[in-house]
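Scroll down for the structure; my scribbles are underneath it.
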Amino acid sequence: MGLSTPALEALCGNKPPKSYNKTVHSSFLKGFFFGAATSAHQVEGGNRNDWTEWEVGNADRLAAEAKKRSWPEFLLKNDPSPLQKENYISGKACDHYNRFEEDFDIAKKLGHNAHRFSIEWSRVEPLEGRFNEKELEHYRNVVHALRKRNLEPFVTLWHWTIPLWLKNKGGLESSEFQIYFSRYAEKVVGALGTDITFWITLNEPNALVRRAYIEGDWPPCKRSFLSAFRVLLYLARAHRAAYQIIHKHIPRAQVGWSSAVRYFKPARKNVLDYLSTMTARFWSEKFFLLLTRNENDYLAIQYYRKGEVQFPLRITDTGDLSDIGWAIHPEGLHFILKRLSRYKKPIYITENGLADARDAQRGEFIRNHLAWMKKAMDEGADVRGYFHWSLLDNFEWSSGFWPRFGLVEVNYKTFKRKIRPSALVYKSIIEKDLSSS
Ligand code: BGC
Numbered sequence: 392m393g394l395s396t397p398a399l400e401a402l403c404g405n406k407p408p409k410s411y412n413k414t415v416h417s418s419f420l421k422g423f424f425f426g427a428a429t430s431a432h433q434v435e436g437g438n439r440n441d442w443t444e445w446e447v448g449n450a451d452r453l454a455a456e457a458k459k460r461s462w463p464e465f466l467l468k469n470d471p472s473p474l475q476k477e478n479y480i481s482g483k484a485c486d487h488y489n490r491f492e493e494d495f496d497i498a499k500k501l502g503h504n505a506h507r508f509s510i511e512w513s514r515v516e517p518l519e520g521r522f523n524e525k526e527l528e529h530y531r532n533v534v535h536a537l538r539k540r541n542l543e544p545f546v547t548l549w550h551w552t553i554p555l556w557l558k559n560k561g562g563l564e565s566s567e568f569q570i571y572f573s574r575y576a577e578k579v580v581g582a583l584g585t586d587i588t589f590w591i592t593l594n595e596p597n598a599l600v601r602r603a604y605i606e607g608d609w610p611p612c613k614r615s616f617l618s619a620f621r622v623l624l625y626l627a628r629a630h631r632a633a634y635q636i637i638h639k640h641i642p643r644a645q646v647g648w649s650s651a652v653r654y655f656k657p658a659r660k661n662v663l664d665y666l667s668t669m670t671a672r673f674w675s676e677k678f679f680l681l682l683t684r685n686e687n688d689y690l691a692i693q694y695y696r697k698g699e700v701q702f703p704l705r706i707t708d709t710g711d712l713s714d715i716g717w718a719i720h721p722e723g724l725h726f727i728l729k730r731l732s733r734y735k736k737p738i739y740i741t742e743n744g745l746a747d748a749r750d751a752q753r754g755e756f757i758r759n760h761l762a763w764m765k766k767a768m769d770e771g772a773d774v775r776g777y778f779h780w781s782l783l784d785n786f787e788w789s790s791g792f793w794p795r796f797g798l799v800e801v802n803y804k805t806f807k808r809k810i811r812p813s814a815l816v817y818k819s820i821i822e823k824d825l826s827s828s
């Protein structure tokens, strides 16, 4: 069924609709995956990796810098607040490592039928070449817990953190990176069993490389195009090797890597801004894809925001903003899905969400993004799953704990979970869909 124009306008116009319109949402494919995503370092707690070291070394500085900014009152009420040092140290995070069963119960209760999570490399291989069987067992239990609840596992092998031994060997810049990653992938795939279909080798190589090797505000905090380029090549090689390894163990596996995509548009109507926009789009949508072209069974995209681009490459967020100042633009998802459809591969949206501590915008955000996703599907985009970021509030990298991305609120003192109203909006959309397919 196609979306009628008035329904679409109602869903996506400036004035968001009061209630979700069932008629626009009755024909997702059978077997469509609806779920949420997490990553190990952001939720597990108790990790020891390159990030944990960096956090301890930088927390004072980050808190001092935060004191120089002005903050809305409601964000200062966060516990921990952006002004506190503890905000910047992942520590016990959400204690998901010990509470995953409880968390998956919540996901199940919220109507999800799939869940994306990542394996923490530093747990599985804390010393070079020495694998920890207990930790592999832990992840087997995680998969088992998902299966028990009929939540399809989407497993990410690398979501940005690396073990300390690897950091000391040059990290992602080590020319042996591909060898280390292959050994790790081989071990994990062998240990988790052959019943896992969906694998994401690398999370957003393009975003990580930009922050860690070009802008230099994430570990290892470099500003070098040469390093950035080298790391991208090594990551691409690592992906291609892992792709072959996974397929060797599981011929029917679906393997991809996830890409940070953004809706870029020229800030002004002039040739230079237009060319800059093309450059930004090439970087976000295409570059890594070219390096890995033959080894992708599907495209995994992670869409959050719009960016207006000014020559040479100044990108600004304008319009409705989330708590961390990202421009909310549901139509952009439709634009991206249509553009990526030309590759004729299945597409999974493996992250989409916003920081919204008051849960004031999340419900509409979900409705509108799903409506635009559905329109792209009606127009031919082969989208097969949507994962909201995130199931839980979590540790948002160098911003720490204050940005609240969760469908479920986490109290970082008691670790109590509280379902946000927007999670129920998502649930009602999922349920309407599943009951009509
Ligand atoms: C990353 C997540 C992160 C989210 C929000 C994505 O780019 O994969 O780890 O928390 O964006 O910033």
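Residues in the sequence shown are numbered from 392 upward in steps of one, following the numbering used here. In this text, a Cβ means the ideal position worked out from N, Cα and C, and glycines have one as well.
How would you call residue i, buried or exposed, if buried means at least 16 neighbouring beta carbons within 10 angstroms?
{"i": "Arg696", "result": "buried"}
{"i": "His779", "result": "buried"}
{"i": "Glu435", "result": "buried"}
{"i": "Asp664", "result": "buried"}
{"i": "Glu524", "result": "exposed"}
{"i": "Leu782", "result": "buried"}
{"i": "Thr414", "result": "The pLDDT assigned to Thr414 is 37, lower than 50, so where the model puts this residue is not dependable, and the model offers no usable value."}
{"i": "Lys458", "result": "exposed"}
{"i": "Thr707", "result": "exposed"}
{"i": "Met669", "result": "exposed"}
{"i": "Gln569", "result": "buried"}
{"i": "Asp839", "result": "Since the first and last residues shown for the chain are 392 and 828, residue 839 lies out of range."}
{"i": "Pro812", "result": "exposed"}
{"i": "Asp784", "result": "buried"}
{"i": "Val700", "result": "buried"}
{"i": "His416", "result": "Low confidence applies to His416: its pLDDT is 41, below 50, so where it sits in the model is not reliable, and the reading given next is rough at best. It is buried - the Cβ of His416 has at least 16 other Cβ atoms within 10 Å."}
{"i": "Glu516", "result": "buried"}
{"i": "Arg490", "result": "buried"}
{"i": "Ser832", "result": "Residue 832 cannot be examined here, being either before or after the span of the chain that is shown, 392 to 828."}
{"i": "Phe792", "result": "buried"}
Given residue i, which residues of its chain have a CB within under 8 Å of its CB, disregarding the five upstream and five downstream residues?
{"i": "Ile719", "result": "Arg696, Lys697, Gly710, Asp711, Leu712, Ser713, Leu745, Gln752, Phe756"}
Leaving aside the five residues before and after residue i along the sequence, list all residues of the same chain whose C-beta is less than 6 Å from its C-beta, in chain order.
{"i": "Leu501", "result": "Ala814, Lys818"}
{"i": "Lys809", "result": "Glu800"}
{"i": "Phe679", "result": "Pro596, Asn597"}
{"i": "Ser509", "result": "Ser430, Ala431, Thr547, His550"}
{"i": "Met768", "result": "Val774"}
{"i": "Phe572", "result": "Ala629"}
Given a cut-off of 9 Å, decide if residue j and residue i are closer than it, judged by their beta-carbon atoms.
{"i": "His432", "j": "Trp442", "result": "yes"}
{"i": "Leu563", "j": "Leu626", "result": "yes"}
{"i": "Arg507", "j": "Gly422", "result": "no"}
{"i": "Ile587", "j": "Ala644", "result": "yes"}
{"i": "Phe529", "j": "Arg514", "result": "With the sequence shown as reference, residue 529 is identified as His, and Phe is not the correct amino acid for it. Yes."}
{"i": "Ala576", "j": "Ala633", "result": "yes"}
{"i": "Lys483", "j": "Phe796", "result": "no"}
{"i": "Leu466", "j": "Ala748", "result": "yes"}
{"i": "Glu519", "j": "Lys560", "result": "yes"}
{"i": "Ile727", "j": "Tyr654", "result": "yes"}
Could you give the first and the last residue of the continuous alpha helix (DSSP H) run that contains residue i?
{"i": "Ser667", "result": "662-672"}
{"i": "Ser530", "result": "A small correction: the amino acid at residue 530 is Tyr; Ser does not occupy that position in the sequence shown. 524-539 is the extent of the alpha helix (DSSP H) around Tyr530."}
{"i": "Ala629", "result": "616-640"}
{"i": "Phe495", "result": "487-500"}
{"i": "Phe568", "result": "568-583"}
{"i": "Thr709", "result": "Careful: Thr709 lies outside any alpha helix (DSSP H) and carries neither H nor E."}
By how many angstroms is the C-alpha of residue j removed from the C-alpha of residue i?
{"i": "Val579", "j": "Phe545", "result": "14 Å"}
{"i": "Ala536", "j": "Asn687", "result": "28 Å"}
{"i": "Ser472", "j": "Pro463", "result": "11 Å"}
{"i": "Trp788", "j": "Arg452", "result": "14 Å"}
{"i": "Leu682", "j": "Ser667", "result": "22 Å"}
{"i": "Trp551", "j": "Leu623", "result": "13 Å"}
{"i": "Lys729", "j": "Ser790", "result": "32 Å"}
{"i": "Glu567", "j": "Leu593", "result": "17 Å"}
{"i": "Tyr379", "j": "Ala603", "result": "The shown model of the chain, from 392 to 828, leaves out residue 379, and the question about it has no answer."}
{"i": "Gly647", "j": "Ile636", "result": "13 Å"}
{"i": "Ala762", "j": "Pro737", "result": "18 Å"}
{"i": "Ala450", "j": "Glu477", "result": "7 Å"}
{"i": "Trp512", "j": "His630", "result": "15 Å"}
{"i": "Asn532", "j": "Pro642", "result": "23 Å"}
{"i": "Phe522", "j": "Leu599", "result": "26 Å"}
{"i": "Lys656", "j": "Glu456", "result": "31 Å"}
{"i": "Glu722", "j": "His760", "result": "7 Å"}
Which residue comes first and which comes last in the beta strand (DSSP E) that contains residue i?
{"i": "Arg548", "result": "In the sequence as displayed, the identity of residue 548 is Leu instead of Arg. From DSSP, the beta strand (DSSP E) with Leu548 extends over 543-549."}
{"i": "Thr592", "result": "589-594"}
{"i": "Gln645", "result": "645-657"}
{"i": "Trp809", "result": "Correcting the residue type first, residue 809 is Lys in the shown sequence and not Trp. Run containing Lys809: 808-810, per the beta strand (DSSP E) assignment."}
{"i": "Trp780", "result": "774-780"}
{"i": "Gln701", "result": "690-701"}
{"i": "Phe679", "result": "Per DSSP, Phe679 belongs to no beta strand (DSSP E); it is in the alpha helix (DSSP H), 678-682."}
Report all residues from its chain with a CB closer than 7 Å to the CB of residue i; omit the five preceding and five following residues, and keep chain order.
{"i": "Gly771", "result": "Ser732"}
Taking 8 Å as the cut-off, is the CB of residue i close to at least one heavy atom of the ligand COA?
{"i": "Phe796", "result": "With respect to small molecules bound, the structure shown includes the ligand BGC and not the ligand COA."}
Quick one: does residue i have its CB under 9 Å from some CB of chain D?
{"i": "Gln693", "result": "No chain D appears in this structure, which consists of one protein chain only."}
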